[in-house]
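What follows is one structure encoded as structure tokens, with my remarks underneath.
Protein chains: 2
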Amino acid sequence: MAAGDADRDDHAETGAAATAPRRATISDVAREAGTGKTSISRYLNGELGVLSPDLRARIEAAIERLDYRPNQMARGLKRGRNRLLGLLIADLANPYSVEILQGVEEACHALGYMPLICHAANEIDMERRYLQLLTTYRVEGVIVNALGVRESMLKPVGSGGIPAVLIDRTVDGLDADMVGLDNAAAVRLGTEHLLARGYDDIVFVVQPFEQVSSRREREAAFRESMQTTKGAARGLTHVLELHDEVAVQAALAALDTHVAHAHARGARCALFAANAPVALRLALHLKAALGAQWQQRVALAAIDDPEWAELAGITTIRQPTRDIGYRAVEFLHERIEGAAPKARAAAFEGELVVRASTLG
Amino acid sequence: MAAGDADRDDHAETGAAATAPRRATISDVAREAGTGKTSISRYLNGELGVLSPDLRARIEAAIERLDYRPNQMARGLKRGRNRLLGLLIADLANPYSVEILQGVEEACHALGYMPLICHAANEIDMERRYLQLLTTYRVEGVIVNALGVRESMLKPVGSGGIPAVLIDRTVDGLDADMVGLDNAAAVRLGTEHLLARGYDDIVFVVQPFEQVSSRREREAAFRESMQTTKGAARGLTHVLELHDEVAVQAALAALDTHVAHAHARGARCALFAANAPVALRLALHLKAALGAQWQQRVALAAIDDPEWAELAGITTIRQPTRDIGYRAVEFLHERIEGAAPKARAAAFEGELVVRASTLG
DNA sequence: CTGTTAGCGCGTTCAA
DNA sequence: TTGAACGCGCTAACAG
Numbered sequence: 102m103a104a105g106d107a108d109r110d111d112h113a114e115t116g117a118a119a120t121a122p123r124r125a126t127i128s129d130v131a132r133e134a135g136t137g138k139t140s141i142s143r144y145l146n147g148e149l150g151v152l153s154p155d156l157r158a159r160i161e162a163a164i165e166r167l168d169y170r171p172n173q174m175a176r177g178l179k180r181g182r183n184r185l186l187g188l189l190i191a192d193l194a195n196p197y198s199v200e201i202l203q204g205v206e207e208a209c210h211a212l213g214y215m216p217l218i219c220h221a222a223n224e225i226d227m228e229r230r231y232l233q234l235l236t237t238y239r240v241e242g243v244i245v246n247a248l249g250v251r252e253s254m255l256k257p258v259g260s261g262g263i264p265a266v267l268i269d270r271t272v273d274g275l276d277a278d279m280v281g282l283d284n285a286a287a288v289r290l291g292t293e294h295l296l297a298r299g300y301d302d303i304v305f306v307v308q309p310f311e312q313v314s315s316r317r318e319r320e321a322a323f324r325e326s327m328q329t330t331k332g333a334a335r336g337l338t339h340v341l342e343l344h345d346e347v348a349v350q351a352a353l354a355a356l357d358t359h360v361a362h363a364h365a366r367g368a369r370c371a372l373f374a375a376n377a378p379v380a381l382r383l384a385l386h387l388k389a390a391l392g393a394q395w396q397q398r399v400a401l402a403a404i405d406d407p408e409w410a411e412l413a414g415i416t417t418i419r420q421p422t423r424d425i426g427y428r429a430v431e432f433l434h435e436r437i438e439g440a441a442p443k444a445r446a447a448a449f450e451g452e453l454v455v456r457a458s459t460l461g
Numbered sequence: 102m103a104a105g106d107a108d109r110d111d112h113a114e115t116g117a118a119a120t121a122p123r124r125a126t127i128s129d130v131a132r133e134a135g136t137g138k139t140s141i142s143r144y145l146n147g148e149l150g151v152l153s154p155d156l157r158a159r160i161e162a163a164i165e166r167l168d169y170r171p172n173q174m175a176r177g178l179k180r181g182r183n184r185l186l187g188l189l190i191a192d193l194a195n196p197y198s199v200e201i202l203q204g205v206e207e208a209c210h211a212l213g214y215m216p217l218i219c220h221a222a223n224e225i226d227m228e229r230r231y232l233q234l235l236t237t238y239r240v241e242g243v244i245v246n247a248l249g250v251r252e253s254m255l256k257p258v259g260s261g262g263i264p265a266v267l268i269d270r271t272v273d274g275l276d277a278d279m280v281g282l283d284n285a286a287a288v289r290l291g292t293e294h295l296l297a298r299g300y301d302d303i304v305f306v307v308q309p310f311e312q313v314s315s316r317r318e319r320e321a322a323f324r325e326s327m328q329t330t331k332g333a334a335r336g337l338t339h340v341l342e343l344h345d346e347v348a349v350q351a352a353l354a355a356l357d358t359h360v361a362h363a364h365a366r367g368a369r370c371a372l373f374a375a376n377a378p379v380a381l382r383l384a385l386h387l388k389a390a391l392g393a394q395w396q397q398r399v400a401l402a403a404i405d406d407p408e409w410a411e412l413a414g415i416t417t418i419r420q421p422t423r424d425i426g427y428r429a430v431e432f433l434h435e436r437i438e439g440a441a442p443k444a445r446a447a448a449f450e451g452e453l454v455v456r457a458s459t460l461g
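As given, the protein sequences belong to chains A and D, one line each in that order. Heads up, the first sequence is in the numbering used here, so the first residue is 102 and it goes up one at a time. Heads up, the second sequence is in the numbering used here, so the first residue is 102 and it goes up one at a time.
Shown next as structure tokens:
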């Protein structure tokens, strides 16, 4: 009927199936309050002292009546900041990540940011995709906990680009802020506990660690802390590629024979998992291989403290995940505000939680 | 050219500490390619056939050179759609939620949406806050899995507002799409399994269920399936308020005495947890109270199939979480595209996973 | 104290 | 085939 373009007024109250009653804009509010957009904007931005009580009341009423909500997008477009923080997580199925998340959210909440959470689900090209997407949405900063990010991906981030902070792992050739566990200390804590408990054959089990700095550091720390030990305890590293079932089976078989030999030798054997996913896989295998009483045959310790640790009774090194997440946001915030361009790093201490598994 | 306004070229490579080299805009690209913004826009929107090969090449080059990324915010502002989907999750610490998330992400990926994940961490005013925030960011739709959302909160959502779909639980007085588990069937599956296994004293353990529809439904289904049973099996419901430690202790104590009495009576007792968090709490308690061999004293089954279920050897009813999340997005998508205003519901079937716990 | 004006980065007519 | 002009919802100078 109408020859015009967008001048339809069919959004009248036609009952229930009304076609999306356009959300009120700042202009609508201005009209409703009988004033200009500027005053509304001022009101919204808390410049209260500058408004006459009368106008202020009218504005309040109008906003209420129209159920008006300022459009963050438009706001961001103008201001240049949209209060969005990108959060790239490699694997949300890992309880560690969720805990980090809580800290991040808490901090965002406190500092007025809105976290845009991206879950790469361990897929490396997902990471790339999301990183681009975050860029596209003009997030003010990114917190990255990823596996395959190359320096090239964050190129625009590190130097002249979006402020970034890394969690738990660094990226080769990229100098960004970094926050995580004090891996060396944590591993030492675990190793020394096991040694003190009389275990003299310790196997450190870790996922392929070439790519991920924290894994590398933990493994190195393990070797070192075993070497500096006076005793004749044996230390060995086993690699578990969790996403390759065939490889896992082979590795577990190798582990089994190692444990068997140790037993035959009369040694007391302990497994030290580098993180929760590894620990879970080990526990499942041990249970399947040795029965419900597996705990009495081989000790298991791990970095990370997942919810089932207590149930399985394994000794763990708990990370202050909440603090880590919180600090990450703080770092980012400072950078966004334009502070300290020198790359910083925060390493938090882990806490040893001794459970039945290593009391044998 | 110089008479213009924003013709500053101070973004030259001044070294490392360059002050945030403003991201290229569409105008920059146009200038670089020696053309107008319109052509760039066309190129971006895939209207390729309308561009001369020459221009097209120049544009491509310019974009490459400037590392240009279209600003989604501005784009959304104009178009009215920003491809953002709000996702409100009550508790990410619950593995169920994370699994749902995977399905949602997968679907978003496929349909071209960007999920904006909000984690309420079981706090009811967080939910409110986030719901407002989502509105503020003009998400095109919301997927809600929450505990305290009232009809009033989603008022603007249900009828004339943002399209919404509920996961796992409905909201009183709100007719939105809904997707979740077929609770009645799932509970029946579990109950019948337990009865068939010879358990004749079954305790259904659930969190306070007045507010959350799925809990209500599960409890009702439990009572019903116990009643329709011919045998003389006993059925009882216990409530566990997980966030109130005092109440939990009391409830667990009551549970203990119940189990003891059952044993004294010579009955075979089984616990049926309404979800994973409850199951975990129960398992932890049983282990503490009965020792590592608790499994042999009392059977434990649960709805939900967390990663530790296999480790603890408890029988579970696994939900097709991925499908649920995926379907939720599909529903939302259809609605966003302006389809079917009648509220639909999708109930997925659970799958019984029998483990040692109920084979006693 | 208040309103007017000019864009933010982009898509979309409408002419050329 | 291409480009100029206008406006999305909002904020930030400038006047009044």
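By construction, the Cβ of each residue, glycine as well, lies at the ideal position given by its N, Cα and C atoms.
Contact residues of the stretch 199-231 of chain D toward chain A are Val199, Leu202, Gln203, Glu206, Met215, Leu217, Ile218, His220 and Ala222 (C-beta to C-beta distance below 7 Å).
If you look at Glu452 (chain D), you'll find it in the beta strand (DSSP E) that goes Glu452 to Val454. The residues Ala322, in chain order, have a CB closer than 6 Å to that of Ala285 (chain D) in the same chain once the five nearest residues on each side in sequence are set aside. Contiguous alpha helix (DSSP H) elements confined to the stretch 194-264 of chain A occur at 196-212, 225-237 and 256-259, taking only those with 4 or more residues. Of all alpha-carbon atoms in D:Leu385, D:Val379 and D:Arg445, the one lying nearest the alpha-carbon of Thr338 (chain D) is that of D:Val379.
DSSP lists no bridge partner for Val430 (chain A). Among the CB atoms of chain A, one or more fall inside 8 Å of the CB of Ala194 (chain D).
Pairwise C-beta distances place the stretch 379-388 of chain D in contact with the stretch 401-408 of chain D, as three or more of them are shorter than 8 Å. Scanning the stretch 280-330 of chain D for uninterrupted alpha helix (DSSP H) segments of 4 residues or longer gives 284-297 and 314-328, listed from N- to C-terminal end. If you look at Ile164 (chain D), you'll find it in the alpha helix (DSSP H) that goes Pro154 to Leu167. In the three-state scheme derived from DSSP, where H, G and I count as helix and E and B as strand, Asp278 (chain A) is classed as strand. With distances taken between CA atoms, Arg419 (chain D) lies nearest to D:Val455 out of D:Gly187, D:Arg184, D:Val455 and D:Leu387.
Contact check between the stretch 421-440 of chain A and the stretch 197-209 of chain A: three or more CB pairs, one atom from each, fall below 8 Å, which counts as touching. When the alpha-carbon of Ala222 (chain A) is set against those of A:Ala125, A:Leu248 and A:Leu460, the nearest one is in A:Leu248. For a Cβ distance threshold of 7 Å, residue set Met174 of chain A lies close to Asn183 (chain D), ordered along the chain. Within chain A, the residues Gln173, Met174 and Met215 have their CB atoms less than 8 Å from the CB of Tyr238 (chain D), given in chain order. Using a Cβ-Cβ cut-off of 8 Å, Gly177 (chain D) counts as an interface residue toward chain A, since at least one Cβ of chain A sits closer than that to its own. In the structure shown, Val340 (chain D) adopts extended strand secondary structure according to DSSP, grouped into three states.
The beta carbons of Val313 (chain A) and Arg369 (chain A) sit no closer together than 8 Å. Close to chain A, meaning a Cβ-Cβ distance shorter than 7 Å, are the following residues of the stretch 406-428 of chain D: Glu408, Trp409, Glu411, Leu412 and Ala413.
The continuous stretches of beta strand (DSSP E) do not include Leu353 (chain D), which lies in the alpha helix (DSSP H) extending over residues Glu346 to Arg366. By DSSP's assignment, Leu381 (chain D) forms no beta bridge with any residue.
Using a Cβ-Cβ cut-off of 9 Å, Lys388 (chain A) is close to Glu411, Leu412 and Gly414 of chain D, given in chain order.
A distance below 7 Å between beta-carbons, with the five flanking residues on each side excluded, links Arg316 (chain A) to the following residues of its chain, in chain order: Val307, Gln308, Phe310 and Ala375. In the same chain as Ile437 (chain A), and ignoring 5 residues on each side of it, the C-beta atoms closer than 7 Å to its own belong to Glu241, Gly242 and Pro264, in chain order. Each of D:Leu387, D:Val399 and D:Glu411 was checked against the Cα of Leu385 (chain A), and the nearest Cα belongs to D:Glu411. Contact of Ala384 (chain A) with chain D is assigned, a C-beta pair being separated by under 8 Å. Annotation: Arg182 (chain D) is outside any alpha helix (DSSP H) and is labelled neither H nor E by DSSP.
The straight-line gap separating the alpha-carbon atoms of Ala390 (chain A) and Thr358 (chain A) is approximately 12 Å. Distance from the CA atom of Cys219 (chain A) to the CA atom of Ala208 (chain D), rounded to whole angstroms, is 14 Å.
In this structure, the alpha-carbon of Ile190 (chain D) lies about 5 Å from that of Asn246 (chain D). In the structure shown, the three-state DSSP call for Thr271 (chain A) is coil.
No Cβ of chain D is located within less than 8 Å of the beta carbon of Arg319 (chain A). Between Gly451 (chain D) and Leu290 (chain D), the gap from beta carbon to beta carbon is short of 8 Å. In the DSSP annotation of this structure, the continuous segment of the alpha helix (DSSP H) that includes Leu412 (chain A) starts and ends at Ala410 to Ala413.
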